[in-house]
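To keep things clear, I will list the structure first and then write my remarks on it.
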Amino acid sequence: MAFVSGLMGPYMRPIPINASIAMFVSLLVAFIVVPWFCRQCYREGMTLGGQGESEEPPGRGSRLYRQALTPLLVRPWLAWTFFGCVALLLVGSVSLFATRDVPVKMLPFDDKSELQLVIDMPKGTTLEETARVAKALTAYVRTIPEVRDYQAYVGTASPVNFSGLVRHYFLREEPHQADIQINLAAKDQRTSQSHAIARRIRPEVQRLASTLGANVKVAEVPPGPPVQAVVVAEVYGPDYGRQREAARALRGLFETTTGVVDVDDSIEADHVKYIFSVDRAKATLAGIPSEDIVATVRMALEGAKVGLLHLPKEKSPVQIVLRLPLAERTGLEHFGEIAVQGSAGRLFPLSELLTIERTLQDQPRYHKNQKPVVYVTGDVGGRGAERAESPVYGVLGISERLATLRTPDGTPMEQHYARQPASESRLSVKWDGEWHITYETFRDMGIAFAVAMLLIYLLIVGQFQSFLTPLIIMAPIPLTLIGIIPGHWATGSYFTATSMIGFIALAGIIVRNSIL
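What follows is the structure, given as structure tokens:
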């Protein structure tokens, strides 16, 4: 576990450190404390209880064990039948992974005390419109019985929580962005866990979001390392236009895949941008410097500090900001009526001194490791995911459908699961998010487990001077899956990284018991 890489490494590292310290202390106790204690308790000439006494007859458990084992040793066909049944049980247990009756997940869901609704309106939406959408969503949040209180943040970032560290929620300060921070009642005052509450409210939240023209995601505090999203697809390609087309097609697969919810991408909606250009010829004839025209436009739209106001009960002076009223700043109808005074004292409206060009705002471009990328994100939950709310199955479901998608040149889109594509000459998808951390964790733990088993084998070979005996001793290790996997199925639990840790610990116990 000390060799687990990625974001999961810091979570795992305390376990091997504490276990190593415990084993070292146990060794000191065995070689120092126990001999000293025995020397203090037993003196020379003392007779230990049980010495010289006849061996007790076997108990009921021993008799039953012998009665069950003797026929297997006497009748070879019965032994082979028993081995076949054990093999079938092992195959049947492992097959529960394939049927998704025992889903695989990085960490189990935790019961947190908060949820968050992340609201994204089309870029260019006014602050007032975003506030109206947030108010409509808070009206629904108020009806959730498990909610203790909530706070809406419109056009400003909410206090950063654990998941917001990687998702950069502290940068959400645009007028078209809003967050609703929800605090849940204490755990002993509600019967549902936070994940069950999030799963229950998501359909109604999505319905309201669709009605209001917003993109709303139900964000939970992750039980493990924070990630950009549970399911992340990174689209790479030779040019940004083709990347955007591929990302839109991939988003369609996300939205139509059962169990994938809260779908979003890094492509901004097209919105209008106005470019104000000073007509220098007219400005020169009017005797108005271009700087004065620019300052007037900035003051009208953004505001300008024109002085300080000293109030009697205020410790600091208050800034006086001059700008147009909100109703006149949201459009260009009255903008041209603003006048600028010329050198002769005549007033010239801005409509005579400016040319206004209407165009589209440039799209933001994201890079990862210096490679242009377009993100498509999603979460796992909702209908069809009740038995497998894990990013592994969401990625596999989308990946199967993506294999049938063709690029403009007629070739299938490449898919990468472990690392970025080496070349950007072709359209390709790299899967990331919680899926990648799950892959890294189980890969590294599997490799570490295999190395540990090899070292244990070499130690037993040295002890027994045989190559076959260690194999017999270690043979029961995979048989523990007959109990582990059906146990997860019976309790409705996920097979997680902590389950893998338990499996590794059982392997050590089995080897010790077999030697004893």
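Going by this note's numbering, the first residue of the sequence shown is number 1, and it counts up by one from there. By construction, the Cβ of each residue, glycine as well, lies at the ideal position given by its N, Cα and C atoms.
Of all the CB atoms in chain B, is at least one closer than 7 Å to the CB of PRO486? Looking for chain B here will not work: only one protein chain is present.
Quiz prompt | Rounded C-alpha distance that separates ILE267 from VAL374 | solution = 7 Å
Item to complete: Locate the beta strand (DSSP E) running through HIS168, then write down its first and last residues.
Response: Taken as a continuous stretch (DSSP letters only), HIS168 belongs to no beta strand (DSSP E), as it is neither H nor E.
So for PRO226, helix, strand or coil by DSSP? coil
Notebook entry, point to check: Are the region 216–233 and the region 96–114 in contact at 8 Å, needing three or more beta carbon pairs?
Noted result: yes
Handout entry: Beta-bridge partners of HIS416, as assigned by DSSP
Key = LYS430
Would you identify the three-state DSSP class for GLU333, choosing helix, strand or coil?
coil
> Using the beta-carbon count (16 or more within 10 Å), is ILE541 buried or exposed?
Replying inline: Lying before the first or after the last residue shown, residue 541 is absent from the chain, which here runs from 1 to 516.
Q. In this structure, does DSSP put ASN18 in helix, strand or coil?
A. helix
Let me know if ILE182 comes out buried or exposed under the rule of 16 or more other beta-carbons within 10 Å of its beta-carbon.
buried
| Whole-angstrom Cβ separation of ARG380 and GLY259, contact assumed at under 8 Å? | Note on identity: in this sequence residue 380 is Val, with Arg being the wrong assignment. Their Cβ separation, rounded to whole angstroms, is 6 Å, which keeps VAL380 and GLY259 in contact under 8 Å.
DSSP state of THR258 mapped onto helix, strand, coil: coil
Next item on the list: Name the residue from LEU165, GLN193, ALA233, SER20 whose alpha carbon lies nearest to the alpha carbon of GLY394.
Entry: ALA233
Checklist entry - Roughly how many angstroms lie between the CA atoms of TYR42 and LYS187, to the nearest whole one? => result 54 Å
### Task
Report, in whole angstroms, the separation of the C-beta atoms of TYR153 and VAL141, which I expect to be a contact under 8 Å.
No, TYR153 and VAL141 are not in contact; Cβ-Cβ is about 13 Å, not under 8 Å.
**Asked** Would you call the region 70–86 and the region 168–182 touching, i.e. three or more CB-CB distances under 8 Å?
**Response** no
- [ ] Label HIS334 either buried or exposed according to how many other C-beta atoms from any shown protein chain fall within 10 Å of its C-beta, with 16 as the threshold for buried.
- [x] exposed
Task: From GLY508, ASP262, GLU255, residue whose alpha carbon lies closest to that of LEU117 - done: ASP262
DSSP beta-bridge partners for GLN193? Answer by DSSP bridge pairing: none, since GLN193 is not bridged.
| said: What does the Cβ neighbour count give for GLU389, buried or exposed, with the cut at 16 atoms within 10 Å? | reply: buried
| Between the C-alpha atoms of GLY433 and LYS123, what's the straight-line distance to the nearest angstrom? | 25 Å
query = Where does ARG242 sit, in a helix, a strand or coil, going by DSSP?
reply = helix
TODO: Out of VAL166, ARG172, VAL147, SER194, point me to the one whose CA is closest to SER158's CA.
DONE: ARG172
**Report entry** Assigned secondary structure, VAL340 (DSSP; H/G/I helix, E/B strand, else coil)
**Finding:** strand
Buried or exposed by the 16-neighbour rule on C-beta atoms within 10 Å, applied to PRO364:
exposed
inquiry  = Is the separation between the beta-carbon of VAL227 and that of ILE119 shorter than 7 Å?
reply    = no
Next item on the list: Might you give, ordered along the chain, the residues of its own chain that have their beta carbon closer than 6 Å to the beta carbon of ALA385, omitting 5 neighbours on each side?
Entry: At ALA385 the pLDDT is 47, less than 50, meaning the model places this residue with poor confidence and gives no usable figure here.
- Message: What does the Cβ neighbour count give for TRP431, buried or exposed, with the cut at 16 atoms within 10 Å?
- Response: buried
Q) By Cβ distance below 6 Å, which residues in the same chain neighbour SER493 in space, the five residues on each side in sequence not counted? A) none
Discussion item. I need the boundaries of the alpha helix (DSSP H) containing LYS135, first residue and last residue.
Written reply: 127–141
- Message: If you reduce the DSSP assignment to three classes, tell me which class HIS271 lands in.
- Response: coil
| In the DSSP assignment, what residue or residues form a beta bridge with ASP120? | GLN177, ASN215
Continuous beta strand (DSSP E) assignments of at least 3 residues falling wholly in the region 293–381: 304–309, 318–322, 339–341, 347–349, 354–360, 366–368, 371–380
Can you check whether the CB of ALA507 is closer than 7 Å to the CB of ILE477?
yes
Whole-angstrom C-beta distance between VAL86 and LEU479, which should lie under 8 Å
7 Å
So, helix, strand or coil for ASN513, using DSSP? helix
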